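K.L.:
After the structure tokens below, expect a handful of questions from me.
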Amino acid sequence: MVQASLDGILLGILFALIAYGMALQWGVMNIINIAQGDLVILGGYIAYTMYLAGIHPAWGVIVSPIIMFFVGWALYKLVINKVVDRDLFISILATFGIAIIFQQLMNFIFGADVVVAQSEYGTTMLFDNSVTLPNSKIFSAVVSILYAIALVIYMKKSRLGRAIRATAQNARAAKILGVDTEKVYAATFGINAALCGIAGALIAITLTLHPYVGLPYTVRSFMIVIVAGLGNLPAVAISGMGLGLFEEFADYILGTEFRIGAVFMLLVFILVYRRFKLSKKREYLK
Amino acid sequence: MNKVKQKDLLLYSGLIILGLAAPFLFPGFKVQLTILCVLIVLAMTWNLQGGEMGYNTFGNILFYGLGMYLTASVQVGMFFPLAEWTESGGEKTFVHTTSQYFQGMGVGLLVAALVPTIIAGAIGYAILGLRGHYFAICTLGLGIAAGEIAGGIEIIGAGQGFTTPPFPKDIVDPGARGDFFYFLSFVLLIGTFVFIKWIYGSRFKLILNAIRDNEDKAEAMGIQTMKYKIVGWMVSAFFAGLAGGIMGGLIGYIDSTDVAFDGREMGVFMVLMAILGGKGTLWGPVIGATLFHFLKEGFWTLILGWQYVALGVLIVVIVIYFPEGLMGWLREKYPERFGEVIDEKDRKAQVELK
Numbered sequence: 002m003v004q005a006s007l008d009g010i011l012l013g014i015l016f017a018l019i020a021y022g023m024a025l026q027w028g029v030m031n032i033i034n035i036a037q038g039d040l041v042i043l044g045g046y047i048a049y050t051m052y053l054a055g056i057h058p059a060w061g062v063i064v065s066p067i068i069m070f071f072v073g074w075a076l077y078k079l080v081i082n083k084v085v086d087r088d089l090f091i092s093i094l095a096t097f098g099i100a101i102i103f104q105q106l107m108n109f110i111f112g113a114d115v116v117v118a119q120s121e122y123g124t125t126m127l128f129d130n131s132v133t134l135p136n137s138k139i140f141s142a143v144v145s146i147l148y149a150i151a152l153v154i155y156m157k158k159s160r161l162g163r164a165i166r167a168t169a170q171n172a173r174a175a176k177i178l179g180v181d182t183e184k185v186y187a188a189t190f191g192i193n194a195a196l197c198g199i200a201g202a203l204i205a206i207t208l209t210l211h212p213y214v215g216l217p218y219t220v221r222s223f224m225i226v227i228v229a230g231l232g233n234l235p236a237v238a239i240s241g242m243g244l245g246l247f248e249e250f251a252d253y254i255l256g257t258e259f260r261i262g263a264v265f266m267l268l269v270f271i272l273v274y275r276r277f278k279l280s281k282k283r284e285y286l287k
Numbered sequence: 101m102n103k104v105k106q107k108d109l110l111l112y113s114g115l116i117i118l119g120l121a122a123p124f125l126f127p128g129f130k131v132q133l134t135i136l137c138v139l140i141v142l143a144m145t146w147n148l149q150g151g152e153m154g155y156n157t158f159g160n161i162l163f164y165g166l167g168m169y170l171t172a173s174v175q176v177g178m179f180f181p182l183a184e185w186t187e188s189g190g191e192k193t194f195v196h197t198t199s200q201y202f203q204g205m206g207v208g209l210l211v212a213a214l215v216p217t218i219i220a221g222a223i224g225y226a227i228l229g230l231r232g233h234y235f236a237i238c239t240l241g242l243g244i245a246a247g248e249i250a251g252g253i254e255i256i257g258a259g260q261g262f263t264t265p266p267f268p269k270d271i272v273d274p275g276a277r278g279d280f281f282y283f284l285s286f287v288l289l290i291g292t293f294v295f296i297k298w299i300y301g302s303r304f305k306l307i308l309n310a311i312r313d314n315e316d317k318a319e320a321m322g323i324q325t326m327k328y329k330i331v332g333w334m335v336s337a338f339f340a341g342l343a344g345g346i347m348g349g350l351i352g353y354i355d356s357t358d359v360a361f362d363g364r365e366m367g368v369f370m371v372l373m374a375i376l377g378g379k380g381t382l383w384g385p386v387i388g389a390t391l392f393h394f395l396k397e398g399f400w401t402l403i404l405g406w407q408y409v410a411l412g413v414l415i416v417v418i419v420i421y422f423p424e425g426l427m428g429w430l431r432e433k434y435p436e437r438f439g440e441v442i443d444e445k446d447r448k449a450q451v452e453l454k
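Written out as structure tokens, the structure reads:
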């Protein structure tokens, strides 16, 4: 039990990082990015490549976001800028297409095997050896928290951060006041991809990578965002941990084969719950 | 008026004759033609939801996969213990006689049509209250969750898959199996088309359109939108379940995530086909599915290994550049053909505005 709780919380911090990226682009650009999880996996493969090249994979948390920022930027210039002002469903479908492309390309380049980058950080034993805690998980939680704090400060203080927040509030007004919204959008998408890159590099160390496991990450971050709301970082962190806990316990109680199924069922459940909660507010036509 | 009717009659009878003659004209492509029929059915039912009602679902794959599992399970379970069948991998120990096979298939298809419809009705109230992208993501989640859960249930083969009963060996004619499935799917296609055509001429379609255009206003006008949304979803589920049942028998092997709840292929295909042809039109999905199937079968083998990349690129390009599809494009080009009359004054006024 303690084991599952600890694992869940540490995992949840990682989910929260991905979810924050999703909240950012959703809030600023009004886009739901189905390819989010695949960006994460791609970031993970960058760290894995470094590991293969003999560099310690922990450096991936610095290299991967830099590369992913440019991937995100390029993706924006190629596809996303054409769907920003359109119907949300178009962005869902378009990013779904991107997700399929990414999956297949990663399958070509890295192979369809489950891989993991060994960090060789060892494990810590707690409570008379009844609980094992890989140090890599602690490392990933610490890195996630540091990056999240850095990002919050950057969004508050820097010029670009302020421009992003202004665009999120009212894109038209921001444009009138001289903000280059096109650049802001590109930067937002880039930052989101960079966050995915960090998370991916951490997943490469702590969990496993596979070309086709992107979609569950997308769904997890989507869930966290709808529970926590847009741009509310503490809530994102808490609901991320909650999701991590839920998953570990579902794994523990139902068995590993139902883990992903449980995540998706939770998504359906949350959406339905939200729908009933909202429908109480609209009392007309009964 | 009469002249138009006559033209339609000619078109439909021509198509039916073509459909009936197709397996004899192209005996080598019987399986492909069967799949084409199923694809058209799926695209049309998706269109009823995504195109007419404005509820873009990724979840019709749920009913398709459910239909597939149900047909096969009933077909086996009526005569043999289901658990032992999946345990032994099917064919070795138990053999269906000819009459058992067809009886099982018939009852199985009946169940495959009814159960998804009932499920759609049951969960409809909860799910269809979601709007827009929440609905899209929720149905995406439903489809994938179903696949993952089906992959964990032992009695229907879990991860190893489920072999559907083989076609009875007493029927010696080697072409019989292909003919059987082709005509089954062709009948389904005609049934679907007639039903949806009937819907297109009814008040129901107008209500669905009203829901798509502005649900709150439709509600304010006194339409019980939820009732119609659920009925629309149940119609989709009915035909998708049947389509799944037929496909299960045709493929002969059911895998939870690669065949039945195949969101990566079939689930995306039906959306893509409807959009390619033009959503919100009667003929759009038919044309879209046919075109897509030809493209797919024609080029899939040429770009071996790159299919999914091509599929992804196709999705992105279609969604960004042709969101209205072929029918939408034709409609813009030849509005008169679609019975739309453009007032000259309007056209001038628009030019002036520009």
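Protein chains in written order, with my numbering: chain A, 2 to 287; chain B, 101 to 454. Quick reminder that beta carbons are idealized off the backbone N, C-alpha and C, glycines included. Keep in mind it's a predicted model, so treat the numbers as computed, not measured.
Excluding five sequence neighbours on each side, which residues of the same chain lie with their C-beta closer than 8 Å to the C-beta of Leu-178/A?
P.N.:
Contacts found: Ala-167.
K.L.:
Out of curiosity, what's the CA-to-CA distance linking Trp-74/A and Ala-143/B?
P.N.:
If you take the alpha carbons of Trp-74/A and Ala-143/B, they lie about 35 Å apart.
K.L.:
What is the DSSP secondary structure of Thr-357/B, counted as helix, strand or coil?
P.N.:
In the structure shown, Thr-357/B sits in a helix (DSSP, three-state: H, G or I).
K.L.:
Between Gly-241/B and Val-220/A, how many whole angstroms is the CB-CB distance? I'm expecting something under 8 Å.
P.N.:
Indeed they touch by this definition, with Cβ atoms about 6 Å apart.
K.L.:
For Lys-83/A, decide whether its Cβ has a neighbour in chain B, counting only Cβ atoms nearer than 8 Å.
P.N.:
With 8 Å as the cut-off, Lys-83/A counts as an interface residue toward chain B.
K.L.:
Using the C-alpha atoms, what's the distance from Phe-293/B back to Ala-226/B?
P.N.:
Between Ala-226/B and Phe-293/B, the C-alpha separation is close to 29 Å.
K.L.:
Taking CB distances under 8 Å as the criterion, tell me whether Asn-147/B reaches chain A.
P.N.:
False, the Cβ-Cβ gap to chain A never drops below 8 Å.
K.L.:
Less than 8 Å between CB atoms is the rule here; does Phe-16/A satisfy it with respect to chain B?
P.N.:
Chain B contact via Cβ: absent.
K.L.:
If distances are taken between C-alpha atoms only, which option among Gly-224/B, Leu-372/B, Ala-122/B and Gly-167/B comes closest to Val-269/A?
P.N.:
Nearest option by C-alpha distance: Gly-224/B.
K.L.:
Between Ala-1/A and chain B, is any beta-carbon pair separated by less than 8 Å?
P.N.:
What the structure shows of chain A is the stretch from 2 to 287, and residue 1/A is not part of that stretch, so it cannot be assessed.
K.L.:
So the alpha helix (DSSP H) Ser-159/A belongs to, where does it begin and stop?
P.N.:
Run containing Ser-159/A: none; DSSP gives neither H nor E here.
K.L.:
Just mark Ala-113/A as buried or exposed, buried being the case when its beta carbon has 16 or more other beta carbons within 10 Å.
P.N.:
Exposed.
K.L.:
Determine whether the beta carbon atoms of Leu-350/B and Phe-281/B lie at a separation below 8 Å.
P.N.:
The answer is yes: Cβ separation under 8 Å.
K.L.:
Would you verify that the beta carbon of Cys-238/B is, or is not, closer than 8 Å to some beta carbon of chain A?
P.N.:
Yes, its Cβ sits closer than 8 Å to a Cβ of chain A.
K.L.:
Considering only the beta carbon of each residue, do Arg-260/A and Gly-229/B sit closer than 8 Å?
P.N.:
Not closer than 8 Å, so no.
K.L.:
Count the C-beta pairs between the region 204-221 of chain B and the region 151-167 of chain B that are closer than 8 Å, then say yes if the count reaches three, no if not.
P.N.:
Because the criterion of three Cβ pairs below 8 Å is met, the region 204-221 of chain B and the region 151-167 of chain B touch.
K.L.:
Which residue marks the beginning of the alpha helix (DSSP H) containing Trp-429/B, and which one marks its end?
P.N.:
Element bounds for Trp-429/B: 425-433.
K.L.:
Check distances from the C-beta atoms of the region 409-430 of chain B to those of chain A and list, in chain order, the residues that come in under 7 Å.
P.N.:
The region 409-430 of chain B vs chain A, Cβ under 7 Å: Val-409, Leu-411, Gly-412, Val-413, Ile-415, Val-416, Val-419, Ile-420 and Pro-423.
K.L.:
With distances taken from CA atoms, which of Val-264/A, Ile-227/A and Ile-204/A is nearest Val-116/A?
P.N.:
Cα-wise, what sits closest to Val-116/A is Ile-204/A.
K.L.:
Along the chain, where does the alpha helix (DSSP H) containing Gly-278/B start, and where does it finish?
P.N.:
Looking at the DSSP string, the run of the alpha helix (DSSP H) that includes Gly-278/B is 276-300.
K.L.:
Using a Cβ-Cβ cut-off of 8 Å, state whether Gln-26/A counts as contacting chain B.
P.N.:
For Gln-26/A, the answer is no, since every Cβ of chain B falls outside 8 Å of its Cβ.
K.L.:
Could you work out which residue in Ile-19/A, Ile-102/A and Leu-255/A is closest to Val-413/B when comparing CA atoms only?
P.N.:
It is Ile-102/A whose Cα lies nearest to the Cα of Val-413/B.
K.L.:
Buried or exposed: Lys-160/A, going by 16 or more other Cβ atoms within 10 Å of its Cβ?
P.N.:
Before going further, note that residue 160/A is Arg rather than Lys in the sequence given. Flag for Arg-160/A reads exposed.
K.L.:
In the structure shown, what three-state DSSP assignment does Thr-219/A receive?
P.N.:
It is helical.
K.L.:
Is it right to say Phe-124/B is buried, meaning 16 or more other beta carbons lie within 10 angstroms of its own, or is it exposed?
P.N.:
Burial call: exposed.
K.L.:
According to DSSP, is Val-116/A helix, strand or coil?
P.N.:
Strand, per DSSP.
K.L.:
Going along the chain, which residues of its own chain have a beta-carbon closer than 8 Å to the beta-carbon of Trp-383/B, five neighbours each way excluded?
P.N.:
Excluding sequence neighbours, Trp-383/B sits near Gly-377 and Met-427.
K.L.:
So what's Thr-133/A in DSSP terms, helix, strand or just coil?
P.N.:
Residue state, collapsed to three classes: strand.
K.L.:
Run down chain A in chain order and give the residues with a C-beta less than 9 Å from the C-beta of Ala-310/B.
P.N.:
Simply none; closest approach about 14 Å.
K.L.:
Look up Thr-263/B in the DSSP assignment and give the residues it is bridged to.
P.N.:
Thr-263/B is bridged to Tyr-353/B.
K.L.:
Using a Cβ cut-off of 8 Å, pull out every chain A residue sitting near Val-371/B, in sequence order please.
P.N.:
Under the 8 Å cutoff, chain A gives Leu-94.
K.L.:
Around the C-beta of Leu-306/B, are 16 or more other C-beta atoms found within 10 angstroms, so that it is buried, or is it exposed?
P.N.:
With fewer than 16 other Cβ atoms within 10 Å, it is exposed.
K.L.:
Do you know offhand how far Leu-267/A's Cα is from Asp-252/A's?
P.N.:
Straight-line Cα distance between these residues: approximately 13 Å.
K.L.:
Using the three-state DSSP reduction, which class does Leu-76/A fall into: helix, strand or coil?
P.N.:
DSSP places Leu-76/A in helix when its eight states are reduced to three.
K.L.:
Got a sec, what are the start and stop residues for the alpha helix (DSSP H) Asn-160/B sits in?
P.N.:
Run containing Asn-160/B: 160-177, per the alpha helix (DSSP H) assignment.
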